[in-house]
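Novice:
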Amino acid sequence: MKCPVDGDVLSAEKAEAHTGYGCASCKGSWLPKSYIDSIQYTKEFDPHKFFSTLKSSGHDATNSKCPVNCGVLSSISDFNGISYCPSCLGVWFESKALKNMLNNYQTKREDAAFADIPNASVGIFDLLGALFK
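Numbering (my numbering), first residue to last: 23 to 155.
In structure tokens form, the structure reads like this:
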């Protein structure tokens, strides 16, 4: 895959604290649709709402090709530094745009019930141990 900005080869890596494809020269990030969908597992993020907002926002075709060569990227007037491919729904984030977007969503927390299970099970074993002494 090639960077839509400068044509450099994109490398698979952590792209601004999320898995994606980054450009070493312009510091932009490409996230395929499945990667955008996966944000919901770490952040309070609704990918359906995100894509719905992208599609309904005002956008203009750019001269930049989609990194997977399926179309031309569209810039989004409501999202500074974000373009997407209407064909594959991959999203291009200019430098720091992904980080700025992710900062708008809280990190998901583990369910308290799961966090308390180890302590509860130790208490039960301690109680059973005391009964059989």
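Where a beta carbon is used, it is the ideal one built from N, C-alpha and C, also for glycine.
Between the Cα of residue 123 and the Cα atoms of 51, 87, 91 and 85, which residue gives the shortest distance?
Specialist: The residue given as residue 123 occupies position 101 in the sequence shown. Taking only the C-alpha atoms, the option nearest residue 123 is 51.
Novice: Closest to residue 93 by CA distance: which of 119, 129, 113 and 130 is it?
Specialist: Position 71 of the sequence shown, counted from the first residue, corresponds to residue 93. Per the Cα distances, 113.
Novice: Would you report the Cα separation of residue 75 and residue 48, rounded to the nearest angstrom?
Specialist: Numbered from its first residue, the sequence shown carries residue 75 at position 53. Numbered from its first residue, the sequence shown carries residue 48 at position 26. The straight-line gap from Cα to Cα measures roughly 26 angstroms.
Novice: Go through the region 24-68 residue by residue and report every complete run of the beta strand (DSSP E) that reaches 3 residues or more, in order.
Specialist: Complete beta strand (DSSP E) runs here, min 3: 33-37, 40-44 and 51-53.
Novice: Drop a sphere of 10 angstroms on the beta-carbon of residue 44, count the other beta-carbons inside from all chains shown, and report buried for 16 or more, exposed for fewer.
Specialist: Counting from one through the sequence shown, the residue named residue 44 turns up at place 22. Buried, by the Cβ-count rule.
Novice: If you draw a straight line from the C-alpha of residue 102 to the C-alpha of residue 89, how long is it?
Specialist: The residue given as residue 102 occupies position 80 in the sequence shown. The residue given as residue 89 occupies position 67 in the sequence shown. If I take the Cα positions, the gap works out to 19 angstroms.
Novice: Short of 6 angstroms in beta carbon distance, which residues of its chain neighbour residue 116, apart from the five on each side in sequence? Order them along the chain.
Specialist: One-based indexing of the sequence shown puts residue 116 at position 94. Hits under 6 angstroms: 50 and 103.
Novice: Among 59, 77, 72 and 95, which one has its Cα closest to the Cα of residue 83?
Specialist: Against the sequence shown, residue 83 aligns to sequence position 61. Taking only the C-alpha atoms, the option nearest residue 83 is 95.
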